[in-house]
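Right, one structure below, let's go through it.
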Amino acid sequence: MPLLDAKEVSVRFGGHMALLDVTMSVEPGRITGLIGPNGAGKTTLFNVMTGLQDPVRGRVLMNGIDVTGSPPHERSQRGMARTFQRLELFGSLTAYENLQVAAEIKRMWGGGTSVPADERVESAIELIGMRPFVHKRADVLTTGQARLVELGRALVTRPKVLLLDEPASGLDADETEYFGTILKGLAKAGMGILIVEHDVPLVMKLCSQIFVLDFGQMIASGPPAAIQGNQRVIEAYLGAPAGSGA
Amino acid sequence: MTGLGAVMASLPALLADQSRLSEFLGFTVFGIVLAAIYFIAASGLVVTYTTSGMFNFAHGAVGMIGAFTYWQLVVSWGWPVVPSLLIILLVIAPLLGVFIERVVMRGLQGVSEVTRTVVSIALLFSLIRVAPMIWGSKNTYKVPAFFAGNSVEIAGVGVTYHQLVTIAIAIGVAVFLRWLLFLTRLGVAMRAVVDSRPLSRLNGARPERTSAASWALGSSLAALAGILVAERIVFDVVALTFLVVNAYAAAVVGRLTSLTRTFVGAVVLALVQSYGQGYLQENPAWLPKDLDVVNTVSTAVPVVLLLVVLLLIPQARLRAAGIQRSREAVPHPKIRLTLIGVGSLVAVVALVSLVMGGDDRITWSKGLALAIIMLSLVPLTGYGGQISLAQMSFAGLGAYAVATWGDGSPVGLLAAVVIAAAAGVLVALPALRLSGIYLALATLAFAYFVEKVVFPQRLLFPTATKPVKRLNLFGLSLDDDRAYMVFLAVVFGLLTVGIVLLRLGPFGRRLQAMKDSPAACATLGLNLTRTKLQVFVLSSAIAGLGGGLYAGVGKAANTIDYSALQNLPVLLMAVAGGVALCSGALVGGLLLASFGLGAKSIPSIEVLGVDSKTFFTNLFALAPGLIGIALGRNPNGIVAGMSEWARAKYDARFGAGADDEVDLDRLPRLPLEPVLDVEHMGLFRAFSADEVAAIDAVVRVDVGKEMAHAAP
Amino acid sequence: MRRTFHRRRAVLAFASLSLLATACGTRVPDADFATVGDGLGGGGASSGGGGGGAVASGGGASGSGVASGSEGKFGTLDIPCGPGDTSSYTATDKGVTKDTIAITTISDPAADGPKPGIDQGVFDSMEAFSKWCNELGGINGRKLKLTLRDAGILKYKEQVLAACAEDFALVGGMGILDNLGAQDQVDCGLPNVPGVAVNPEQTGADLTYQSLPNLAWRYNVGPTDWVKQRFPDSIQKAAAIYTNLSVAKIQSDRLAEAYTKRGFTFVSRPAADISEANWGPKVSDMKNKGVTFMSLTSSFEEVVPLAKAMKAQNFKPVVELETNYYNDKFPKATDGEADGFFVRSHTWPLEEADKNPAAQQYVEILTKYKKDAVKEFLGVQAFSSALLWATAVKKLGANVTRDGLERELQNTHYWDGGGLQAPSDPGARTVTACFVIMKVEGDHFVREYPLPDKDADVYNNKVAKGMACPDNAFVELTGDGSGVDYRSLGAKKGGTPK
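Residue numbers (numbering that gives the first Met the number 0), protein chains in the order written: chain A, 0 to 245; chain B, 0 to 711; chain C, 0 to 497.
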C-alpha cells in the first residue's frame with residue numbers, strides 16, 4: 000500500500016494546464032525521485048499533494064484514504080511532512096526553536112505518544128548533526144545549515160511520508176553527500192521519501208524509483224537505469240535534435 | 000440585504016401597482032447615480048492596489064484635497080470650471096501622487112504589510128490635519144454643481160445634470176482604465192512592478208517611473224471622485240475623506256484587482272443601499288421600543304455589505320513565499336528586565352501622581368489606559384502580524400459593560416473582558432480565513448457596524464454618556480485619581496508580564512512561526528485558524544479590559560471615544576511606539592493621550608505673521624501622522640529606535656562587550672536587496688522598435704488572466 | 000423672554016461632533032449651534048440690516064433709541080466694570096488676589112479635537128470681554144486674568160480640574176460634553192456661569208447659573224403653534240428626520256413628542272447617515288407619502304445636501320427647523336435651495352442689530368478688541384453670561400468670595416444682558432417663552448414672524464418687544480421610554496453622578 004498516491008491530478012493556472020493527469024506514488028521504505036526541467040510542475044505537484052494547491056481533477060490518497068480536499072494541517076496530522084524549495088524557516092526563531100515549535104505543535108494534535116517535546120527535538124538534532132549551530136537565529140544560517148534545520152523540523156513530527164523540495168539546492172558536494180546519507184537512513188527505517196531535485200546524479204544515486212515530469216505531464220517512470228536511457232527524458236532536458244520539430 | 004429582501008418579497012405587488020413600480024424605478028435611478036460615484040472612488044483604490052500592492056487608506060483624503068482645491072480654484076479664485084478640472088486632474092493631483100510615492104512609499108521596501116498599512120493610515124491622518132491648516136474653518140465652503148444644478152426627470156424622479164455627467168464619467172473611467180492597464184505598455188508595466196520589482200527592473204523596466212505613474216493615476220482618480228461628490232454631501236474634511244469607506248465594499252467585490260467586478264460591486268452596493276434607504280423605515284412591532292434595528296442598519300448598509308462580501312471571499316490560499324525577511328524585528332524579551340521595568344513604572348507613577356495637577360493626572364491616566372488597550376495589539380499584531388482596526392470598538396464594548404454591570408465591583412471588568420472576547424469570536428470566526436488587508440477591512444467594517452448600529456441603540460445608551468463607577472478593590476476605593484492612576488500602572492504591569500511570559504512560551508513561539516511562515520506551520524500540522532482565533536480573542540479581551548479601565552478614568556463611558564475612526568490613531572501610535580514591544584504600547588499610549596498638551600504652555604507670539612501658539616498647536620496635531628510616516632525609516636518603532644541608538648552610543652563608548660551569550664538580536668541580517676543593483680551599474684538600453692513590437696504582440700495575449708491569479 | 004433649549008442644542012452640537020468622530024479632526028464651518036437663545040444671533044450678520052460681517056455700522060443705529068455707548072451703560076445695563084482703589088484689598092478667596100481675579104472659559108475648538116474650530120466664538124467673545132472690562136478698570140479695580148482652556152470636546156474634565164486648581168470661577172464657557180466635568184466642578188466648589196450649559200448633569204448642577212437657563216423636560220412649542228396656525232393643512236402628514244446618533248435621536252424624539260401633543264401626525268421618522276450622500280430615496284419616499292411638513296434634527300451643515308435633493312425632486316413641504324440652524328453659514332452654503340425654510344430663534348435677529356443698542360455695542364467691542372473674532376450666538380451668550388457674573392461680583396465690593404458670588408447669583412431674578420437677550424430668571428433657573436421665526440432667503444435670513452406691521456399686537460408685547468412671547472408655550476415631556484429622569488441628573492454637592 001503506497002503511503003502517498005496522486006491519481007490523475009490536473010491543475011489549471013489561468014489559461015494553461017500546469018499539471019495534466021499526473022499519477023504517481025510513494026512507497027514506504029523507498030526514496031522516490033521526481034525530476035523534470037524547470038517549470039515542469041514539480042513544485043505544483045508537491046503543493047497538490049501537501050494541500051497547498053487544489054487540483055481541478057484527480058485525487059490524492061494517503062494510505063488509501065482520500066485526502067484531496069483536506070487542508071495541509073490535516074494531512075500533516077496524518078503523517079505527512081515536507082520541506083520547501085525556497086526555505087520556509089521561521090526566520091526570527093533560532094534553529095532550536097524551529098524544531099521546538101514543530102514538536103509543540105505535534106504535541107497539540109496528539110500524535111499519540113507521551114514523548115516530551117524536548118526529547119523529540121534533541122533526537123532530531125542528534126540525527127541531523129545540527130548541534131554546532133542549533134542556537135543561531137534561523138535567518139542567519141547558511142543555506143546548507145538551513146536545509147538541515149528544515150529537514151530536522153520536518154522529522155520532529157515523525158512523519159510517515161516525507162516530501163523534500165530541492166533539498167540539495169545550495170549545498171556543496173560534501174553537504175549533499177551528508178544529506179543523502181541521512182535520507183538513506185530514514186528510508187531504511189521505513190519512511191517513504193519523495194524528493195524533487197535538479198541534481199540528477201544525486202537523484203540517480205539515492206532513488207529507487209524515479210518519475211519524470213515535463214510540461215505538466217508524466218513522461219516516464221521507473222528505476223534509475225531505465226530513466227537514464229529514456230529518449231523522451233533526454234529530449235525534455237536537452238531539447239530535441241535540430242530538425243525534429245520539437 | 001434586507002432592502003433587497005423587502006424588494007423581492009414585494010415584487011409581485013410592485014409590478015401590479017403602478018405607483019409602487021414607479022417608486023421602485025425611482026430608487027433604482029438613485030442607486031445608479033450613487034453607483035457611479037462609488038465606482039470612481041473604488042477604481043482609484045483598485046488601480047493603486049493593483050499597481051503598488053498597497054491598499055491606500057489615504058485615498059479618500061486625496062479626494063478631499065482634490066475637492067478643496069477645486070473650491071479654491073473655482074469658487075475662491077473664480078477660475079472657469081473646465082480648465083480648473085483639467086489642472087487638478089492632470090497636474091495637481093498627479094503631482095501630489097508622485098510626491099506621496101517619492102516621499103512616503105519609496106522607503107517602504109521590505110517592510111511588512113502591517114507597517115505598510117499603518118503608513119498609509121498615517122498619511123491619511125496627516126492630510127486630514129493639514130487640510131484645515133490651509134482651508135480654515137472660518138470660510139463657508141460650497142461648490143457649484145455642474146450645469147447649475149438643473150435637473151431632468153427620469154423614471155419619475157429628478158436627476159440633475161451633474162449626476163448624469165457623473166454617470167458618463169464613471170463609464171468613461173471604466174473604459175479608459177481597461178484600455179490603459181491591459182492594452183498599453185505603461186499599464187502592463189504598472190501591473191508588473193507589483194509582482195516583482197527587482198525582476199521587472201532586470202527586464203528593462205524602470206520601476207521607479209511606473210510606480211510614480213501608478214500613484215499619479217490613483218491620485219487623479221481620487222481627486223475626481225472627491226470633486227464629483229462634493230456638491231452632494233456636507234463639504235467638510237471628514238465627510239469628504241471618509242465617503243470612500245462606503246466604496247470599499249465595491250472594491251472588495253472586485254478583489255481589489257478586477258475593475259469589472261468592482262463595477263458590478265458598485266452597482267449592487269448602491270442599489271441595495273438605495274432600496275434600503277427608501278423602503279426600510281419601520282421597525283417590526285415585536286422589537287422593544289429602544290431597539291432600532293431598521294433605521295440604524297439602513298445607514299450602515301455599505302459596511303454590512305462589506306462584511307458580507309468579505310465572508311464570501313474564498314479562503315486565502317496559503318502560499319509558500321520564502322523566508323519573510325522584513326525589516327521588523329521582534330526582540331526577545333528577558334523576563335528579569337521586564338519585571339524591573341514594570342516595577343519601575345509603578346514606582347514612578349506612584350511618585351509622579353502625587354505631584355501632578357488634577358488635570359494632568361486625568362490626561363496621563365487616560366494615557367495608561369490607552370497603553371493597556373494598545374497592549375492588546377502586541378500579541379495580535381506584534382507577534383502574530385495580524386492587523387486589527389477594531390481595538391477601540393472592543394474597548395467601547397468593554398466600557399459599556401463596566402458602565403452597565405460595574406457598580407464598583409470587579410464584575411464590571413470581568414463582564415468587559417467577556418463581552419469583548421465574545422465580540423472578538425464573532426468577528427474572528429468568519430474573518431480569520433482572510434489574510435492581511437482583508438482582515439484589516441473586516442475589522443474596520445466591524446468597527447463601523449458597532450458605531451452605527453450598536454452604540455446608537457437607546458437600549459444600551461439611553462444618553463450618549465453612561466456614568467461609570469470606579470472599582471472598589473477589596474474595600475479599597477479607587478475613587479481618588481491618584482490611587483486609580485497607580486492601579487492602572489499595576490494592571491499594565493501585570494498584563495505586560497503576562498504577555499512576555501506568553502511570548503517566551505510555546506504559544507508565543509507559535510505566533511512568531513505563524514508570522515514567519517504560515518505555510519510551514521500548516522504543513523507541520525498547525526491549525527492556523529484556531530491559533531489565529533485564540534490570539535484574536537485574547538487581544539479583544541485585553542482591549543475590552545482596557546476600555547473598561549479607560550471609562551473609569553473619566554467616570555463616564557462616552558460612545559464618541561470609541562467611534563470607528565478612533566481605531567486608526569490607536570493602531571498608528573501602537574505601531575509607532577513599537578507594536579512588538581510592551582514598552583512600545585506604553586510609549587504609544589502616553590503619546591496619544593498627551594499630544595494635545597504639547598502646545599499648552601507655549602506663549603502666543605507673532606513671528607513673521609504666524610502666531611507661535613497656533614503653529615505649535617498645528618504641529619502637535621500633525622505629529623501622529625508624521626511619526627507614522629517615519630515608520631518607513633524605522634519600522635520597529637520609537638522604542639526600538641531609541642534603544643538601538645542608545646546601544647550604538649554605548650558600544651561606541653565601551654566597545655561591543657564580550658558577552659558570554661551571543662546576542663541573537665544583534666547578528667547582521669542578510670541584505671534584502673540584491674547587493675549590486677542593475678541600476679547602480681548604470682546599465683540601460685532602450686528597446687528597439689522591433690523589440691517593442693514583439694513585446695506588444697506578447698502583451699496583447701491574455702496576460703490579464705495570467706496576472707489575475709496573483710490576487711490575494 | 001426667550002426660550003432656549005440648551006439641551007436640544009447641545010444634543011445637536013453633539014450630533015455634529017459625533018459626525019466627525021474623534022481624533023480625525025476636521026474643520027467645521029464655524030459655530031453651528033447658535034440657539035441657546037439670546038442675544039445676537041447669527042454670527043456674523045449676514046446681509047440684512049447692519050451690513051456685512053459686522054453688525055456695527057459705525058455710529059448709532061438711528062431711530063431705535065439709545066445710541067451705542069451711552070455713558071456707563073451697556074444697552075440698559077450699568078456696566079459692571081470700572082476702576083477702584085485696591086490698596087486695601089486682600090486675597091479673599093481662591094483665584095482672587097489684591098489686584099486680580101482669575102477666571103476660566105472652557106470651549107471646544109481644539110485643532111486636534113473631533114471638531115476643530117467649533118465654538119471658537121466663545122473664546123473670542125470672552126477675550127474681548129476681558130480686555131474691554133480691564134480697559135475700563137476691571138471690577139472695582141481688580142483686573143481680570145482670563146485663561147482660555149480648550150477641551151476639544153472630549154477633555155472637559157481635565158479643563159475643569161485645571162481650573163479648580165487656580166481659578167475663582169468658570170465664566171462664559173460652553174462644553175459640549177460638560178457632563179464629564181460637572182461633578183468635579185461642584186466638588187471643588189467652583190462657581191460656573193457658563194455661556195451655555197449643555198447636558199442635564201450641568202444644567203441641573205449646583206453652583207451653576209446661566210444667563211439663559213434651560214430645562215431638559217420641557218419643550219417650547221411657540222413655534223410649533225405658529226406653524227399650526229399659519230399652515231393648518233400641513234400638520235396631518237409630518238416627517239421628522241434625524242441623524243443616526245443617539246443624541247440626535249433623543250432630540251428628534253422630543254421634537255416628535257412635543258409636536259404630536261400639539262396636533263401633528265408623523266408619517267415618517269427616518270434616520271439618515273452622518274454626511275448622507277444619498278438623500279434621493281428618502282426625499283422620494285416622503286414625496287410619495289405626501290408629506291407636507293418636515294423637520295431635521297442634525298447639525299446645520301447636513302440640511303444643505305438635503306435641500307438640494309428636495310429641489311431636484313421638486314419636493315416642497317413646510318420646513319421648520321430648530322434653533323441651531325440659525326447660523327448664517329447655513330444660507331451662505333446654499334444656492335437658493337433652502338429658500339422658504341423656517342428657522343426658529345430665541346435671540347434677537349442679528350440682521351436687525353441696529354435696532355438694539357446692546358447688540359450694537361457688543362459688535363463694537365468685539366471689533367475693537369478681537370477684530371478677527373468669530374461672530375456667533377454662543378459668543379453673545381458668553382458675553383451676556385460674563386456681564387451677569389461681573390454684575391454679581393461688582394456687588395461684592397472688596398470681599399470677593401465664591402460664597403458671595405453664589406449668593407448674589409441666586410438672588411438675581413431678572414436678567415436681560417442690557418437688552419442682549421430676553422429677560423430670564425437666572426436665580427430660579429426659569430426659562431423664557433419668546434421666539435422669532437426667521438426665513439431663509441438667498442444667502443441670508445429675513446424675519447418672518449412677528450412682523451412689526453402685520454403682527455403688531457404680538458410684536459409690541461410687554462415682555463420682549465419684537466419677539467413673540469405667547470402664554471402657554473410649553474409642553475411637559477413625559478416619555479421617550481428611556482427611563483432616564485433628567486431632573487435627577489444634575490451634579491450635586493457631596494454626590495457622585497448616578
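Where is the CB? At the ideal position from N, CA and C, for every residue including glycine.
* To do: Within 10 angstroms of the Cβ of W70 (chain B), are there 16 or more other Cβ atoms? Answer buried if so, exposed if not.
  => Walking along the second sequence from the start, residue 70 (chain B) turns up at place 71. It counts as buried.
* To do: Could you list which residues in chain A have their beta carbon closer than 7 Å to that of V329 (chain B), in chain order?
  => Stepping through the second sequence from its first residue, residue 329 (chain B) is reached at position 330. Within 7 Å Cβ-Cβ: S91.
* Asked: Taking Cβ positions only, does Q312 (chain C) come closer than 7 Å to chain B?
  -> Taking the third sequence and counting its residues from 1, the one referred to as residue 312 (chain C) is at position 313. Chain B contact via Cβ: present.
* Are T146 (chain C) and G418 (chain C) closer than 7 Å when you measure CB to CB? -> Sequence index remark: in the third sequence, residue 146 (chain C) carries index 147 (1-based). Sequence index remark: in the third sequence, residue 418 (chain C) carries index 419 (1-based). The answer is no: Cβ separation not under 7 Å.
* Asked: Cβ of T43 (chain A) less than 7 Å from any chain B Cβ?
  -> Here residue 43 (chain A) refers to the residue found at position 44 when the first sequence is read from its first residue. No, its Cβ sits nowhere closer than 7 Å to a Cβ of chain B.
* Between which two residues does the alpha helix (DSSP H) containing D650 (chain B) stretch? -> Counting from one through the second sequence, the residue named residue 650 (chain B) turns up at place 651. Segment G636 to F653, the alpha helix (DSSP H) holding D650 (chain B).
* My understanding is that L367 (chain B) touches A556 (chain B), with C-beta atoms under 8 Å, so please give their C-beta distance in whole angstroms. => Stepping through the second sequence from its first residue, residue 367 (chain B) is reached at position 368. Stepping through the second sequence from its first residue, residue 556 (chain B) is reached at position 557. The pair is not a contact, with the Cβ atoms about 17 Å apart (cut-off 8 Å).
* Mind checking who W414 (chain C) pairs with in its DSSP beta bridge? => Counting from 1 along the third sequence, the entry for residue 414 (chain C) is found at position 415. C:S423, per the DSSP bridge assignment.
* To do: Identify which residue in C:C163, C:Q182 and C:D118 has its Cα closest to the Cα of V467 (chain B).
  => Translated into the one-based positions of the second sequence, residue 467 (chain B) becomes position 468. Nearest C-alpha to V467 (chain B): C:Q182.
* Listed by chain order, chain C residues near R481 (chain B) by CB distance under 9 Å -> As a first step, residue 481 (chain B) is located in the second sequence; it is residue number 482 there, counting from the start. What R481 (chain B) touches in chain C: nothing, since even the nearest Cβ is about 13 Å away.
* Asked: In whole angstroms, what separates the C-alpha of T322 (chain C) from that of M104 (chain B)?
  -> Start at 1 with the first residue of the third sequence, and residue 322 (chain C) comes out as number 323. Start at 1 with the first residue of the second sequence, and residue 104 (chain B) comes out as number 105. Rounded to whole angstroms, T322 (chain C) to M104 (chain B) spans 48 Å at the Cα level.
* Asked: Across which residues does DSSP place A467 (chain C) in a beta bridge pair?
  -> By 1-based counting over the third sequence, the position of residue 467 (chain C) is 468. In DSSP, A467 (chain C) forms a bridge with C:F434.
* Three-way DSSP call (helix, strand, coil) for I192 (chain A) in this model -> As a first step, residue 192 (chain A) must be located in the first sequence, where it is residue number 193. DSSP places I192 (chain A) in strand when its eight states are reduced to three.
* Note down, in chain order, each residue of its chain lying with its Cβ closer than 7 Å to the Cβ of S207 (chain A), except the 5 sequence neighbours on either side. => Position 208 of the first sequence, counted from the first residue, corresponds to residue 207 (chain A). So the list reads R29, I30 and P222, once near-sequence residues are dropped.
* Sorry if obvious, but does the Cβ on Y69 (chain B) come closer than 6 Å to a heavy atom of the ligand GTP? -> Ligands in the displayed structure: none, and consequently the ligand GTP is not present.
* Asked: Do V160 (chain A) and L2 (chain A) have their C-beta atoms closer together than 7 Å?
  -> Here residue 160 (chain A) is taken as the residue at index 161 of the first sequence, counted from 1. Here residue 2 (chain A) is taken as the residue at index 3 of the first sequence, counted from 1. Yes.
* Is the segment 287-303 of chain C in contact with the segment 169-182 of chain B, if contact means three or more CB pairs nearer than 8 Å? -> Under the Cβ criterion (8 Å, minimum of three pairs), the segment 287-303 of chain C does not count as touching the segment 169-182 of chain B.
* **Cβ of V233 (chain B) within 7 Å of any chain C Cβ** => Here residue 233 (chain B) refers to the residue found at position 234 when the second sequence is read from its first residue. Yes, V233 (chain B) counts as interfacial toward chain C.
* To do: Measure from the C-beta of G489 (chain C) to each C-beta in chain B and report whether the shortest distance is under 7 Å.
  => Counted from its first residue, the third sequence places residue 489 (chain C) at position 490. No, G489 (chain C) lies away from the interface with chain B (no Cβ there is under 7 Å from its Cβ).
* To do: Could you tell me if D560 (chain B) is buried or exposed, where buried requires 16 or more neighbouring beta carbons within 10 angstroms of its beta carbon?
  => Here residue 560 (chain B) is taken as the residue at index 561 of the second sequence, counted from 1. D560 (chain B) is buried by the Cβ-count criterion.
* Asked: Listing by chain order, which chain B residues have their CB less than 7 Å from the CB of K105 (chain A)?
  -> Position 106 of the first sequence, counted from the start, is the residue given in the question as residue 105 (chain A). Correct list: G524.
* To do: State buried or exposed for D84 (chain C), treating a residue as buried only when at least 16 other CB atoms are found within 10 Å of its CB.
  => What you label residue 84 (chain C) is simply residue 85 of the third sequence in a count that begins at 1. D84 (chain C) is exposed by the Cβ-count criterion.
* Asked: What does a CB cutoff of less than 7 Å around Y236 (chain A) pick up in its chain, not counting 5 residues either side in sequence?
  -> Counted from its first residue, the first sequence places residue 236 (chain A) at position 237. Here the set comprises P36.
* How about V578 (chain B) and G381 (chain B): do their beta carbons lie closer than 7 Å? -> Taking the second sequence and counting its residues from 1, the one referred to as residue 578 (chain B) is at position 579. Taking the second sequence and counting its residues from 1, the one referred to as residue 381 (chain B) is at position 382. A contact, by the Cβ cut-off of 7 Å.
* Distance, D327 (chain C) Cα to D338 (chain C) Cα -> Locating residue 338 (chain C) in the third sequence gives position 339, where the first residue counts as 1. Locating residue 327 (chain C) in the third sequence gives position 328, where the first residue counts as 1. Using only the alpha carbons, I get a separation of about 13 Å.
* Asked: Helix, strand or coil: how does DSSP classify F340 (chain C) here?
  -> Counting from one through the third sequence, the residue named residue 340 (chain C) turns up at place 341. DSSP places F340 (chain C) in the coil class of the three-state scheme, outside both helix and strand.
* So with Cβ pairs under 7 Å, would you call P330 (chain C) a contact of chain B? -> One-based indexing of the third sequence puts residue 330 (chain C) at position 331. Closer than 7 Å: no.
* Asked: If we cut at 7 Å on Cβ distances, does T114 (chain B) have a partner in chain C?
  -> Within the second sequence, numbered from 1, the residue matching residue 114 (chain B) stands at position 115. No - not a single Cβ of chain C is within 7 Å of the one on T114 (chain B).
* Is the CB of V156 (chain B) under 7 Å away from at least one CB in chain C? -> Position 157 of the second sequence, counted from the start, is the residue given in the question as residue 156 (chain B). Yes, because at least one Cβ of chain C sits closer than 7 Å to the Cβ of V156 (chain B).
* Report the residue from B:P287, B:G597, B:I628 and B:G507 whose alpha carbon sits nearest the alpha carbon of F614 (chain B). => Counting from 1 along the second sequence, the entry for residue 614 (chain B) is found at position 615. Minimum Cα distance to F614 (chain B) is reached at B:G597.
* To do: Answer yes or no: does any C-beta atom of chain A fall closer than 7 Å to that of P461 (chain B)?
  => As a first step, residue 461 (chain B) is located in the second sequence; it is residue number 462 there, counting from the start. So, not an interface residue.
* Asked: Does any residue of chain E bring its CB to less than 7 Å from the CB of T180 (chain A)?
  -> The chain inventory of the structure shown lacks chain E, comprising the protein chains A, B and C.
* Asked: So, are the CB atoms of M391 (chain B) and Q565 (chain B) less than 7 Å apart?
  -> Reading the second sequence from its first residue, position 392 is the one you call residue 391 (chain B). Reading the second sequence from its first residue, position 566 is the one you call residue 565 (chain B). Yes, the pair counts as a contact, with Cβ atoms nearer than the cut-off.
* Asked: Does the beta-carbon distance from G595 (chain B) to D232 (chain C) come in below 7 Å?
  -> Walking along the second sequence from the start, residue 595 (chain B) turns up at place 596. Walking along the third sequence from the start, residue 232 (chain C) turns up at place 233. For G595 (chain B) and D232 (chain C), no; Cβs fall outside 7 Å.
* Can you tell me where the alpha helix (DSSP H) with L98 (chain A) in it begins and where it stops? -> Here residue 98 (chain A) refers to the residue found at position 99 of the first sequence. Here the alpha helix (DSSP H) through L98 (chain A) covers A94 to M107.
* Asked: Can you list, in chain order, the stretches of the beta strand (DSSP E) that have 3 or more residues and sit fully within the segment 181-214 of chain C?
  -> none
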